[in-house]
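Asks:
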Amino acid sequence: MERQIMGDAVYADYTQDALDLQYDMRRRCPHFAETFAAMEVHNKRVVDIYECQLDVPFGKTNGEKLDIWPGRGNSPILLFIHGGYWKAFDKDMFRFVAERFVEAGACVVLNNYDLCPSVTMDDITQQNRVALQWIYLNASAIGGDAGRIHVTGHSAGGHLTAMLMATKWADYGLPFDVINGAVPVSGLFDLEPLRVSYLNADLHMSEEVCRRNSPIHLLPDWMPPTTIAVGGGETDEFKRQSRIYTDACRAAGFEVSYLEVENHDHVHLAGAYRNRLSPLTACLFSQMDL
Numbered sequence: 000m001e002r003q004i005m006g007d008a009v010y011a012d013y014t015q016d017a018l019d020l021q022y023d024m025r026r027r028c029p030h031f032a033e034t035f036a037a038m039e040v041h042n043k044r045v046v047d048i049y050e051c052q053l054d055v056p057f058g059k060t061n062g063e064k065l066d067i068w069p070g071r072g073n074s075p076i077l078l079f080i081h082g083g084y085w086k087a088f089d090k091d092m093f094r095f096v097a098e099r100f101v102e103a104g105a106c107v108v109l110n111n112y113d114l115c116p117s118v119t120m121d122d123i124t125q126q127n128r129v130a131l132q133w134i135y136l137n138a139s140a141i142g143g144d145a146g147r148i149h150v151t152g153h154s155a156g157g158h159l160t161a162m163l164m165a166t167k168w169a170d171y172g173l174p175f176d177v178i179n180g181a182v183p184v185s186g187l188f189d190l191e192p193l194r195v196s197y198l199n200a201d202l203h204m205s206e207e208v209c210r211r212n213s214p215i216h217l218l219p220d221w222m223p224p225t226t227i228a229v230g231g232g233e234t235d236e237f238k239r240q241s242r243i244y245t246d247a248c249r250a251a252g253f254e255v256s257y258l259e260v261e262n263h264d265h266v267h268l269a270g271a272y273r274n275r276l277s278p279l280t281a282c283l284f285s286q287m288d289l
């Protein structure tokens with residue numbers, strides 16, 4: 000355990016410094032910048048080699064854009080939601096995620112959303128709901144099957160994946176089971192520790208905003224086939240986040256799987272989407288019948 004009991008505890012028995020370190024991936028993963036820089040060649044490759052539509056608008060703001068790799072008519076659709084603690088990064092950095100799934104015949108969609116502090120956590124959740132609504136309504140136009148939509152996301156994207164699972168889709172004119180399968184990766188399911196961490200300087204979450212955007216408090220009435228994935232080399236807090244959400248889903252009667260990918264830290268697990276043989280990719284392929 001990496002907790003420090005000396006000093007004033009701000010969450011559980013973490014001091015402020017100890018809690019911040021649990022969630023500071025640039026400090027925990029010194030290869031952070033190098034890893035994403037190495038992915039740039041793959042980001043370019045998947046755009047150059049495969050037919051795609053970039054920066055397709057789906058909402059009212061300039062930030063609400065989709066990258067789409069069309070399917071083959073009735074292909075399963077994979078929506079990938081990028082991370083960055085809701086305050087950084089862009090779908091363009093994660094185009095490499097699409098390659099293995101496109102070559103296997105899937106329709107792949109990456110979405111962008113506006114970032115904190117320009118917008119609120121409520122806004123970001125809503126923008127992601129609108130993105131999924133757009134995908135469902137336009138599935139046939141992008142070569143996909145509206146009945147086979149799968150959602151995955153990394154880090155903050157894992158959180159947003161779970162928020163989509165918790166959405167009452169009838170309010171959006173969609174079937175309750177619009178999501179056919181989900182794999183939140185390195186997700187954040189209880190936002191309270193983040194609210195009291197260094198991250199809230201940009202996120203500006205009140206207790207109320209934090210609670211209504213925490214999937215641990217928003218378990219749905221129905222859940223599709225779901226695998227909750229985390230890296231074996233991640234921090235105690237990231238692993239705890241995935242475990243408590245898994246436990247809560249199971250306690251509610253849902254059959255969810257828990258996947259801890261050995262020898263992967265937070266950044267390495269994002270890169271695992273490129274590896275056809277990784278447990279993460281294999282899990283998604285199985286779920287999508289690829």
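Heads up: the sequence shown runs through residues 0 to 289, numbered per numbering that gives the first Met the number 0.
Even glycine gets a Cβ: it sits at the ideal position worked out from N, Cα and C.
(1) Can you name the start and end residues of the alpha helix (DSSP H) that ILE123 belongs to?
(2) Using the three-state DSSP reduction, which class does SER277 fall into: helix, strand or coil?
(3) From the DSSP output, read off the bridge partner residues of TRP68.
(4) Inspect the beta-carbon positions of PHE175 and TRP133 and report whether they are closer than 8 Å.
(5) Apart from the five residues on each side of it in sequence, which residues of its chain come closer than 6 Å, Cβ to Cβ, to GLN21?
(6) Run through DSSP, which three-state label would ASN262 get?
(7) I want to see whether chain C comes within less than 8 Å of ARG210, judged by CB atoms only; does it?
(8) The alpha helix (DSSP H) spanning SER241 covers which residue range?
(9) Output the boundary residues of the beta strand (DSSP E) element that contains TYR10.
(10) Once DSSP output is grouped into helix, strand and coil, what is the label at PRO192?
(11) Here's a check: name, in chain order, each residue in its chain whose Cβ is nearer than 6 Å to the Cβ of ARG25, leaving out the five neighbours to either side.
(12) Quickly, what does DSSP pair THR14 with across the bridge? List them, please.
(13) Any heavy atom of the ligand ATP inside 7 Å of the beta-carbon of ALA8?
(14) Express the C-alpha separation of GLU63 and ILE76 in angstroms, rounding to a whole number.
(15) Quick one: any contact between the stretch 136 to 154 and the stretch 198 to 214, if contact means 3 or more CB pairs under 8 Å?
(16) Would SER241 and TYR257 qualify as a contact pair, given that the criterion is a beta-carbon distance under 8 Å?
(17) What are the partner residues of GLN21, as DSSP defines its beta bridges?
(18) What would DSSP say about PRO214, mapped onto helix, strand or coil?
(19) I need the DSSP call for TYR257, collapsed to helix, strand or coil.
(20) Per the contact definition of three or more C-beta pairs closer than 8 Å, is the stretch 116 to 126 in contact with the stretch 137 to 147?
(21) Going by DSSP, what residue range makes up the beta strand (DSSP E) through ASN179?
(22) Which residues in the same chain as ASN42 place their Cβ atom closer than 6 Å to its Cβ, once the five residues preceding and following it in sequence are excluded?
Replies: On the basis of the data shown:
(1) 120 to 136
(2) coil
(3) VAL107
(4) no
(5) THR234 and GLU236
(6) coil
(7) Considering every chain present, this structure includes no chain C. It has just one protein chain.
(8) For SER241, the uninterrupted alpha helix (DSSP H) segment begins and ends at 235 to 250.
(9) 8 to 10
(10) helix
(11) Same-chain partners within the cutoff: PHE31.
(12) ALA8
(13) The ligand ATP is not part of the structure shown, which contains no ligands of any sort.
(14) Using only the alpha carbons, I get a separation of about 19 Å.
(15) Segments in contact, no.
(16) Here SER241 is near TYR257, since their CB atoms are less than 8 Å apart.
(17) In the DSSP output, where bridge partners are listed per residue, GLN21 has none listed.
(18) helix
(19) In the structure shown, TYR257 falls within a strand segment according to DSSP collapsed to helix, strand and coil.
(20) no
(21) Looking at the DSSP string, the run of the beta strand (DSSP E) that includes ASN179 is 178 to 184.
(22) Result list for ASN42: ARG94 and PHE95, in chain order.
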